[in-house]
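Structure first, then comments.
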């Protein structure tokens, strides 16, 4: 199979599709952006000082796997947050944003064949589109499993037939989920880890929204895996400062897994990675060690969700999310609703179908729109009221 053929049936990325849908039309009012999940809350004001204090580090090549002090800070955070132990020397690597790690994990860890057949990479549907592209990049088959209201917006991989599971090389799972904000329970993680051990595949746990929650901290895959005594190579976890600390431009995250997985991922990164500049690693080191700004950030989102719950209380099928910062709003046709909302009001949202894939003629995102609650509170409130009045009244 040639490179173009691998990607021939991949839909265009969500945001170019959105521009094609909307930009030929004038907005129907003052523009309010509620599409992209780019945090707008302030990040800690001491960040700039750290960069200046460590500016001489721009003169040096940064460590490929992350500075020892950064990896130790990450290890300490994992211990505080999940009560789990990860060796900073052999089990943790700093990333230039978790997108890099989510993509390269497949490249480093998935075999060319599984039981003599083309490997399958399981992904929720809707999904973060890097998952599918990563699978296609190694010639694997992305296998889309619907995440719907009926299954709590988390895919039931354990209900797949043995002929599928026998070909699985890896399974992505996002908790809290993007776009729906659902949280995997400890029992969900136990079932998935047990399934992975039975069919010998790796779990890629994308937990980038783990620190933006409403009530209780989401259970982490790593704490459940260690409680079970699971093989540490069975699980690869990904975390980020983009959402936790309102620093998407820092491009700082991490991956943690078993020593052999980590050896292979570091080896690939020596050729294909782009380590974070050392002054920015010093920033990340300090940010992972500080929880005060995270608590403040979470409180701001909690206030926004209370506003959303009040405004949208009468919307049929409205579900108040457990975590993250998106609303996944039910609508008859998400694309039609998005165009109507833009042309009549100027509020810009994302059709749910653009985040999902048609399977057997059905797209589980078609009847939804995704709404990001990242704008300043007053602007967000105005946008939600306008959206409600335009689409639901």
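Residue numbers (the UniProt record's numbering): 1 to 393. By construction, the Cβ of each residue, glycine as well, lies at the ideal position given by its N, Cα and C atoms.
Within the same chain, 130, 133, 134, 137 come within 8 Å of residue 103 by CB-CB distance, once the 5 residues on both sides are set aside.
Burial check for residue 61: the Cβ neighbour count within 10 Å stays below 16, so the residue is exposed. In this structure the segment 231 to 244 does not lie against the segment 345 to 356, because fewer than three pairs of beta carbons, one per stretch, are closer than 8 Å. Between residue 172 and residue 109, the gap from beta carbon to beta carbon reaches 9 Å or more. Residue 93 is positioned such that its CB atom lies no closer than 9 Å to that of residue 282. Where residue 239 is concerned, there is no enclosing alpha helix (DSSP H), although the beta strand (DSSP E) around it starts and stops at 235 to 240. DSSP places residue 172 inside the beta strand (DSSP E), whose first and last residues are 168 to 174.
In the structure shown, residue 186 adopts helical secondary structure according to DSSP, grouped into three states.
Our two residues, residue 20 and residue 90, have alpha carbons roughly 46 Å apart in a direct line. For residue 92, the uninterrupted beta strand (DSSP E) segment begins and ends at 92 to 95. Straight-line measurement puts the Cα of residue 58 at about 27 Å from the Cα of residue 87.
Between residue 210 and residue 244, the C-beta spacing is below 9 Å. The C-beta separation of residue 327 from residue 41 comes to about 17 Å, leaving the pair out of contact by the 8 Å criterion.
Pairing residue 368 with residue 334 gives a Cβ-Cβ distance under 9 Å.
Per DSSP, the beta bridge partners of residue 253 are 95, 240.
The beta carbon of residue 190 is closer than 8 Å to those of 224, 228 in its chain, skipping five residues each way along the sequence. Three or more pairs of CB atoms, one per stretch, sit closer than 8 Å, so the segment 371 to 380 contacts the segment 26 to 45. Inclusion of residue 63 and residue 241 in the CB contact set at 9 Å is not warranted, their separation being larger than that value. Spanning the alpha carbons of residue 388 and residue 302 requires a straight line of approximately 20 Å. Under the DSSP assignment, residue 15 falls in the alpha helix (DSSP H) whose first and last residues are 14 to 22. Secondary structure in the segment 322 to 377: the alpha helix (DSSP H) runs of 4 residues or longer, each lying completely within the stretch, are 334 to 345 in chain order.
Under the three-state reduction of DSSP output, residue 204 falls in the strand class. Distance check between residue 276 and each of 226, 383, 101 places 101 closest, using alpha-carbon atoms only.
With respect to the 9 Å criterion, residue 154 and residue 196 are not classified as neighbours on the basis of their beta carbons.
If you draw a straight line from the Cα of residue 82 to the Cα of residue 254, it comes to about 15 Å. Here residue 176 really is in contact with residue 218; their C-beta atoms are around 6 Å apart, less than 8 Å.
Boundaries around residue 125 are those of the beta strand (DSSP E), 120 to 125, since no alpha helix (DSSP H) includes it. Setting aside the 5 residues that flank it on each side, residue 214 is surrounded in the same chain by 302, 305, 322, 323, each with a C-beta closer than 7 Å to its C-beta; the list follows chain order. By the 16-neighbour rule on beta-carbons within 10 angstroms, residue 15 is exposed.
When secondary structure is reduced to three states using DSSP, residue 215 falls in the coil class, being assigned neither helix nor strand.
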